[in-house]
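Numbering (the working numbering), first residue to last: 30 to 1105.
One structure is given here, and the rest of the page talks about it.
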């Protein structure tokens, strides 16, 4: 070695190459056992240039170093020696390093030749392979490529945990050293399906644990794949015991690797160029393939006859940092648009993603040779060394020349970002297709579970149709076809299953609708009926189906039902109910000895007040709503704190049941009436009895203060009414006149008049100031149970055992009209706060709403299972409460709308033409036409001015009971004993439609003022509302129905099943039904 060497000329430090022994390089005929020193350390530049010129490039470009490239491989002497010594001691080596650090080249062109030199070429069996898709098949191919026959090598094809040991035991000669080199070990995690990977790793570990010193196992793996070892503890242990990390080449090693190959060919570098290349190399993060590619391209572009590689050409090709990209761009730019697309399709097939890392993958060369253009592009990419092809025709593979290309070429980087989905999808496709193909050979049925379906299959089929995914291998294509056919088969089976499911559920909807109508016709089951109808409707919505029976049931219940909530909790009859002054709270007293407070809006029981020892007969709130009073059969009165439910005090003094209790208007005084014939006044604050009022000869049934609180009125079974001075307790006067005891007494709103209803069938009006009877109202045929004034005091209402309600003019005493409709005793009657609506409760279990102005029945509310003894409006008039012997309290929505407005006028002339009695006549809105309905089953239209018959309408099968015009006069409605309602075109006389729904004869029909709603009354004891202006769709019906029962469903005291509470979640959103 001389200090005038070329190595020194290019900036190398010769002393730095001298170690403990003589520095040696690997060159020449190593198999002969001669290790020659580096030329560049022995000769000057001039001497090198004087050598025989070899024009072929000594650099490999992007191609990996193979064993035969040992004479071109320089700079890794220390590592070759270290690894050779290492393998003398150990049998396993896991060589780690960054991508492009030269791991494979070190083993192939450095370590293996050195071992052959030490042992003799014939003694070392080099078994080098990459795992690829099936590492067992790869090992099999490696064995075939050596000295082994197909029958011998097939041992390696068995995918078993003991395969590698059996191959060694079956094929290895005792004197040979087997060098098993698994290059690119990371392919186990990027290419090999999990099943084969797991088995191969176990087989490899078994072989390693066999510890045969004549079997050396070397693996190279990218360091950034170390995390992939985590699921395999056995590999982790191998890493801990047998791994080495390949370090980057230092400057002296780089000078040898750069300068020595050229020197061997008689060529040197221009002064300063090698230092520039080394600097650029480090700037490029030390990628040896890029260095080799740049040097190879530099050699190609220079005039080698000059025997010098110059800086100018180096700069033109882009240097280490840009040579590859610049050359790749140049090649790519020569392609037209179609060729570029073909090139992109090829590259996409040769790239896979492992996390965020792009890695190269191998593919069958034949998959790119089907189309002429793609085949030509493939060959150009290979010729220009961007791709490399290996293997013989028919079995040849192609891959990216080096992964450095993936990191350095912007075109590929952009393509990877743009087509990431396709790259990932293709990788998954190949892995799953391989898994399916292997499994199908063993169990076709089990393999079908691996096939794709759903959105993943749809996406890949679309990509193929769009030609965004091409060049798929045969297994992948077969897999997609099998998946597609299997999916179609499953869809057909699923469609049939769903059809059966839909048929079953629609049949259930039909049954539910029928059941809902059955419940609706039962007393007290309206809310249960609508719940079942909603269930049926939800089934229709779920399947986007139509069923008139379900829709008719929803409409019928929605239109005719009026029970909006149900309070269940008492275990005995409810004797008394009352609203708080703000209408938000309800109190009930029951035969079960308890008092309950209820939230009117939610229907939830607030609390139960216990304390009485017998029936609670009367309950009432104080005017400020803070205190509650109760009277009981146990002879006591109790005051309660509404907010806490705590008993404030018990008032004792009566010798028998307390039947009636009430607060004075200012809330300071309490009055009670008892079966002991007395009335007592109490101080609310102290609970002390103020005084006892005696005078009645029998039970005191009703006590009340006048509006100003100065006078007290009491009614007794002794048939008298007494007025008392509250301040003095003195009886002002006794009102006599009833021939029997009375059941109800009440003040007029101004407190000047008193009304009483009696068992003697009469009603009496009294002057409060004088005590004189003003007048007696006669008309009822039996006991009067309830009397009440209208809010303006001008009208009186009475309810009687004779089943009727009568309206009276207070000023004249004249009967205004009689309201008939109940089938039994009317126990309770009341006006709404605005005086427009009247409510009645009866022993016939029904509540009826009446138009206070016309006396027409608005509707019947059904729901109680027994007689209704108490009915009251809330202060705002929107809610109705009823108490019944059926032990329940019910809340009802009052809102209705005017349904009868047509006036008939007086008879002007006599029209003849019917063959039997005329049941109904009415004028058209303009007064020009008259309609009549008759027992003869016909309807006739008449000209009012002339009296001439215009036409006869026939269609009913029984007598016509009611006829009316629509507000615009264009439509006619008729009701008949045949249980039907018919709509007719007035101009043509043609029947428009028949409405069916009543179970008995139809007694009355009429239009609403806007003509959109029809009302009908029937002997089946029902009133029906029919929507004519709009046909409610299922969605509208469901929303309205749910808005109606929402509070009921979430009322914990309604008795609703838990599974039904969420029935209306997500449907509608109003708190109560409206629009009726």
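Note that the Cβ used here is the ideal one computed from N, Cα and C, for glycine as well.
Shown here, residue 526 sits in a helix according to DSSP, grouped into three states. Using a 10 angstroms sphere on the CB of residue 695, the tally of other CB atoms stays under 16, which defines it as exposed. Taking every protein chain shown into account, the CB of residue 311 has fewer than 16 other CB atoms within 10 angstroms, so this residue is exposed. For residue 656 and residue 785, the gap between their C-alpha atoms comes out near 29 Å.
Contact annotation, residue 891 with residue 851: C-beta distance approximately 12 Å; criterion of less than 8 Å not satisfied.
Here residue 982 really is in contact with residue 1018; their C-beta atoms are around 5 Å apart, less than 8 Å. In this structure, the beta-carbon distance from residue 291 to residue 39 does not fall below 8 Å.
Beta-bridge partners assigned by DSSP to residue 744: 731, 750. Scanning its chain for C-beta atoms nearer than 6 Å, with the 5 sequence neighbours on each side dropped, one finds around residue 113 the residues 143, in chain order.
Following the DSSP letters along the chain, one finds residue 688 in no alpha helix (DSSP H) but inside the beta strand (DSSP E) bounded by residues 687-692. With three or more CB-CB distances shorter than 8 Å, the region 267-283 counts as touching the region 98-109. The C-beta distance from residue 680 to residue 665 rounds to 7 Å, short enough to meet the 8 Å contact threshold. Counting along the chain, the unbroken alpha helix (DSSP H) around residue 404 starts and ends at 401-412. In this chain, residue 376 is not harboured by any beta strand (DSSP E); it is covered by the alpha helix (DSSP H) spanning 366-378.
Separation of residue 554 and residue 1074 (C-alpha to C-alpha, rounded to the nearest whole angstrom) is 13 Å. Using a 10 angstroms sphere on the CB of residue 381, the tally of other CB atoms reaches 16 or more, which defines it as buried.
CA-CA distance, residue 699 to residue 731, rounds to 13 Å.
For residue 387, there is no enclosing alpha helix (DSSP H); the residue is part of the beta strand (DSSP E) that begins and ends at 386-389. Counting C-beta pairs closer than 8 Å gives three or more between the region 130-137 and the region 241-250, which meets the contact rule. Each residue's CA atom was taken as its position, placing residue 977 and residue 1006 some 27 Å apart. The residues 124, in chain order, have a CB closer than 6 Å to that of residue 273 in the same chain once the five nearest residues on each side in sequence are set aside. Looking at the DSSP output, residue 392 sits in a beta bridge with 427. Within the model, the alpha-carbon separation for residue 804 versus residue 790 is close to 14 Å.
In the three-state DSSP reduction, residue 545 falls in the helix class (H, G or I). Following the DSSP letters along the chain, one finds residue 489 inside the alpha helix (DSSP H) bounded by residues 483-494.
Going by beta carbons, residue 283 and residue 307 fall inside the 8 Å limit. Beta-bridge analysis with DSSP links residue 636 to 626. Sorting 93, 1030, 389, 150 by C-alpha distance to the C-alpha of residue 138 places 93 at the top. With contacts defined by Cβ atoms closer than 8 Å, residue 826 and residue 854 do not form a contacting pair. Uninterrupted alpha helix (DSSP H) stretches at least 4 residues long and entirely within the region 222-271 occur at 223-239, 262-271, given in chain order. The distance from the Cβ of residue 538 to that of residue 573 is about 13 Å, inconsistent with a contact at the 8 Å cut-off. For residue 808, the closest C-alpha among the options 778, 840, 782, 848 is that of 848. Residue 902 places its beta carbon less than 8 Å from that of residue 859.
Considered as a whole, the region 969-1052 harbours 978-983, 989-994, 1000-1005, 1009-1014, 1020-1025, 1031-1036, 1042-1047 as its complete beta strand (DSSP E) runs of no fewer than 3 residues, in chain order.
The Cβ atoms of residue 632 and residue 1080 sit closer than 8 Å to each other. Going by C-alpha positions, residue 428 is about 21 Å away from residue 367.
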